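Here's the structure, in structure tokens; my notes come after.
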């Protein structure tokens, strides 16, 4: 399927949940594939050969990795139900707090 969406993730990664929440907020259907990070699958190694980490979003066979990059991809690909506020300052503040969370 051309538009099939898969998410490779691992419990309890907050980065994976960030992606899942975004897909759910946009009412998008996806297949979740749980990864065992101690025994990584060939699928993960194929779709994220650089970092070999989750999350990875695969859309139409094309992988996107890194949670904030995935969120930007989701927002640009499916603009309905925006994840960020319309106001530029409010969007900047949302991005600031997302980055702050990543850095801690």
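Residue numbers (the working numbering): 1 to 104.
Ideal placement from N, C-alpha and C gives every residue a C-beta, glycine not left out.
The structure displayed is predicted, hence computed values, not measured ones.
- Apart from sequence neighbours up to five positions away, the residues of its chain that approach residue 45 with a beta-carbon distance below 8 Å are 52, ordered along the chain.
- A direct Cα-to-Cα measurement between residue 5 and residue 62 gives close to 9 Å.
- The C-alpha of residue 87 is placed about 23 Å away from the C-alpha of residue 67.
- Counting the other CB atoms within 10 Å of its CB gives residue 27 a total below 16, which places it among the exposed residues.
- Closest by C-alpha distance to residue 103, out of 41, 10, 36 and 15, is 15.
- The residues 26 and 28, in chain order, have a CB closer than 8 Å to that of residue 78 in the same chain once the five nearest residues on each side in sequence are set aside.
- Cβ-Cβ separation between residue 19 and residue 71: approximately 7 Å, consistent with a contact (criterion under 8 Å).
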